[in-house]
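Student:
Residue numbers (the working numbering): 19 to 244.
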């Protein structure tokens, strides 16, 4: 066999191997996908009964972590038998921490870990996980909203690090149209929350303060249908 023939054969074999590997990865991706728009009940079944786990890609990890976000703490999950709820928490906790071990700055995985800790009433872990999520992605609006929703449940127990992260996330929300829309109802009905937000906004630039007032006014009018 000539050297050229050997090299050509080796190259062909390498491409064949890569093709097989890609095919197996694709199968794994398909197995890890939850049907779009599936309700919490279906996601619960995928996680608890079908052994849903993330495959290789970031898309797969995001899909499975999103399923955990939508399922952990949902009414459907909370009315399940204790052993099934425990399985869900174990599953999502393992997925979150495995993802963090692989990608320590995976902000969504830290949020899922915090969600699981919240159901287990481990306040210290909840706050620590949310702080890590904020450190990993301080400028992602959708993650900031998720963190503030969970952090708001523990306002009287915030550590200095957690309070700093909470206030920074609220400041981010206050400087965007979507963020103000998400905060508007609680701002109108929760006096303590309103005072916290006002204190945060007062530390922003004059331009951002004016923007917040304009966005809040528009959000209130929209909610009132005027």
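Glycine residues also receive a C-beta, built at the ideal position from the N, C-alpha and C atoms. From a predicted model like this one, the values you see are computed outputs, not experimental measurements.
Buried or exposed for residue 117, going by 16 or more other Cβ atoms inside 10 Å?
Tutor: Buried, since its Cβ has 16 or more Cβ neighbours within 10 Å.
Student: What are the boundary residues of the alpha helix (DSSP H) that includes residue 69?
Tutor: First-last for residue 69: undefined, no H or E at that position.
Student: Excluding the five sequence neighbours on either side, which residues of its own chain have a C-beta within less than 6 Å of the C-beta of residue 222, listed in chain order?
Tutor: No residues qualify anywhere along the chain.
Student: Start and end of the alpha helix (DSSP H) containing residue 179?
Tutor: It spans 178 to 192 - the alpha helix (DSSP H) in which residue 179 sits, taken as one unbroken run.
Student: If you reduce the DSSP assignment to three classes, tell me which class residue 133 lands in.
Tutor: It is helical.
Student: So, at 7 Å on beta carbons, what are the nonlocal neighbours of residue 152 in its own chain, with the 5 sequence-adjacent residues on each side left out?
Tutor: Taken in chain order, the residues that qualify are 165, 183, 186 and 187.
Student: Quick one: residues in its chain with C-beta nearer than 6 Å to the C-beta of residue 123, no 5 flanking neighbours on either side, listed in chain order?
Tutor: Correct list, in chain order: 154.
Student: On a Cα-Cα basis, can you pick out the residue from 77, 90 and 140 that is closest to residue 64?
Tutor: Nearest C-alpha to residue 64: 90.
Student: Could I get the ranges of all uninterrupted alpha helix (DSSP H) runs contained in the stretch 86 to 115, with 4 residues as the minimum, in chain order?
Tutor: Fully enclosed alpha helix (DSSP H) runs of 4 or longer: 93 to 96.
Student: Taking the alpha-carbon positions, what's the residue 93 to residue 59 distance?
Tutor: If you take the alpha carbons of residue 93 and residue 59, they lie about 10 Å apart.
Student: Between the Cα of residue 157 and the Cα atoms of 192, 136 and 169, which residue gives the shortest distance?
Tutor: For the residues 192, 136 and 169, the minimum Cα distance to residue 157 belongs to 192.
Student: Relative to the C-alpha of residue 112, which residue among 159, 133, 148 and 97 is closest?
Tutor: Nearest option by C-alpha distance: 133.
Student: Between residue 72 and residue 79, is the Cβ-Cβ spacing less than 8 Å?
Tutor: Closer than 8 Å, so yes.
Student: What residue range is occupied by the uninterrupted alpha helix (DSSP H) comprising residue 151?
Tutor: Start and end: 141 to 154.
Student: For residue 130 and residue 180, which I take to be in contact (beta-carbon distance under 8 Å), what is that distance rounded to the nearest angstrom?
Tutor: Actually they are not in contact, since the Cβ atoms of residue 130 and residue 180 sit about 17 Å apart, beyond 8 Å.
Student: If we call anything under 8 Å between Cβ atoms a contact, is residue 177 one with residue 145?
Tutor: For residue 177 and residue 145, yes; Cβs fall inside 8 Å.
Student: Hey, would you say residue 228 sits closer than 8 Å to residue 219, going by beta carbons?
Tutor: Going by C-beta atoms, residue 228 is not nearer than 8 Å to residue 219.
Student: Quick check: residue 190 and residue 236, are their CB atoms within less than 8 Å of each other?
Tutor: Contact flag unset, no.
Student: Go to residue 204, then tell me how far its alpha helix (DSSP H) extends in each direction, as first and last residue.
Tutor: Taken as a continuous stretch (DSSP letters only), the alpha helix (DSSP H) holding residue 204 covers 195 to 207.
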